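A.B. asks: Below you'll find the structure I mean.
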Amino acid sequence: MFTGIVEERGEVVAIEVAGDDARLRVRGPRVTEDAREGDSISVDGVCLTVVGEAADGVLTADVMGETLRRTALGARRPGDPVNLERALRADARLGGHVVQGHVDGVGHLLARTPGERWDLLRFSVPTSLARYVAEKGSITVDGVSLTVTGVGDDGPAEGPGGLDLAAERSWFEVGLIPTTLTATTLGARAVGDAVNLEVDVLAKHVERLLTGPGAVAR
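Take 1 as the starting number for the sequence shown in the UniProt record's numbering and just add one per residue.
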C-alpha cells in the first residue's frame, strides 16, 4: 500500500518489451537505498515488484501484459522522469490517501491554467471510472495523491493532435501547489500527455456492496 506522497522523481533507464510483457529499469537513489528483492515500489502510480538486488541506485521490475494495457508505462522511454514511492510502513503517517498502486485506467491532460504560485490542471477520465470521482474526493494521478476540485461530463470527443477522447468525455480538475509542481512529474506534463489514474478504492468497494451478489435491497 502507498500514500500517493512521491518520495523522489526518478528516471527510466531502460524498458525492454518482449511479446506481452516488459522488463523496466528505473534509477531512483532514494527509494533503492534499502530496496530488496520482492519489495514493492510505485512507479508513476503502478505497484511493481523489485527483481533481484537494486544496484547503483537502479531497480529492475517485470511488467506483465495487463499492466502494459491498462497503464501508460508502456509508452515511457529511457530518460523519461517517473514518480517513485516506497510501500508504506505500518508505523508511518498516512499523508495522502489509501493508494494500492493498482491503476484503473489512463486519462489525458486536457488543459493547464497557470496561477501565480499554483497550476489548475484538467484531466479526462474514462467514462467507466467517472462515477468514482467526486469533488473534494481523492484521486491518484501518476502516483500523486490529489484532491479533486471539480468534475464534469461535457469534455471534448477529440483532443490535441486528433486524440480520440470518445471514451473519456468526463473530466476532473486538480490544483497543484508549488511543492507538487517541482517534486513530481506533473509540473512538466503537457496538454495531451497520458497519465495513470487510480480512483478511490473505498468508492469501488461501496458500489460492490450495494450492487453485487447478495446486496441488501434498498
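Built from N, CA and C at the ideal position, the CB exists for glycine as well. Keep in mind that this is a model prediction, so the values were computed, not measured.
1) If you reduce the DSSP assignment to three classes, tell me which class Arg69 lands in.
2) Less than 8 Å between the CB atoms is what I'm expecting for Leu121 and Glu173, so what's the real figure, rounded?
3) According to the neighbour-count rule (16 or more other Cβ atoms, all chains shown, within 10 Å of its Cβ), is Asp104 buried or exposed?
4) Name the DSSP bridge partner or partners of residue 220?
5) Find the nearest neighbour of Glu7 within the set Thr185, Met64, Thr147, Gly115, judged by alpha-carbon distance.
6) Please list, in chain order, all residues of the same chain as Val58 whose beta carbon is under 6 Å from its beta carbon, the five residues on each side excluded.
7) For Pro114, write down the residues that DSSP places opposite it in a beta bridge.
8) Can you say whether Leu197 is buried or exposed, counting buried as having 16 or more other CB atoms within 10 angstroms of its CB?
9) Would you tell me roughly how many angstroms separate the C-alpha atoms of Glu116 and Leu209, rounded to the nearest one?
10) Pull up the distance between the alpha-carbon of Gly10 and that of Thr149, whole angstroms please.
11) With a threshold of 8 Å on Cβ separation, who are the neighbours of Pro29 within its own chain once the five nearest residues in sequence on each side are excluded?
12) Return the bridge partner residues of Val51 from the DSSP annotation.
13) Quick check: what's the CA-CA separation for Arg93 versus Gly161?
C.D. replies: Taking the geometry as given:
1) Position 69 of the sequence shown, counted from the first residue, corresponds to residue 69. Arg69: helix per DSSP, three-state reduction.
2) Taking the first residue of the sequence shown as 1, we reach residue 121 at position 121. Taking the first residue of the sequence shown as 1, we reach residue 173 at position 173. Contact holds; Cβ gap of about 7 Å.
3) Here residue 104 refers to the residue found at position 104 when the sequence shown is read from its first residue. Label assigned to Asp104: buried.
4) In the structure as shown, the chain starts at 1 and stops at 218, and residue 220 therefore has no counterpart that could be examined.
5) Within the sequence shown, residue 7 is the residue found at index 7, counting from 1. Ranking the options by Cα distance to Glu7, first place goes to Thr185.
6) For the purposes of this step, residue 58 is taken as the residue at position 58 of the sequence shown. The residues are Val13, Arg25, Arg27.
7) The residue you call residue 114 lines up with position 114 of the sequence shown. According to DSSP, Pro114 bridges with Asp119.
8) Taking the sequence shown and counting its residues from 1, the one referred to as residue 197 is at position 197. When all chains shown are included, Leu197 counts as buried.
9) Taking the sequence shown and counting its residues from 1, the one referred to as residue 116 is at position 116. Taking the sequence shown and counting its residues from 1, the one referred to as residue 209 is at position 209. When rounded, the distance between both Cα atoms is 44 Å.
10) The residue given as residue 10 occupies position 10 in the sequence shown. The residue given as residue 149 occupies position 149 in the sequence shown. The alpha-carbon atoms of Gly10 and Thr149 are separated by roughly 28 Å.
11) Residue mapping note: residue 29 aligns to position 29 of the sequence shown, counting from 1. Contacts found: Glu8, Gly57.
12) On the sequence shown, position 51 is the one that residue 51 refers to. DSSP, once it has assigned bridges, lists no residue as partnering Val51.
13) Reading the sequence shown from its first residue, position 93 is the one you call residue 93. Reading the sequence shown from its first residue, position 161 is the one you call residue 161. Rounded to whole angstroms, Arg93 to Gly161 spans 42 Å at the Cα level.
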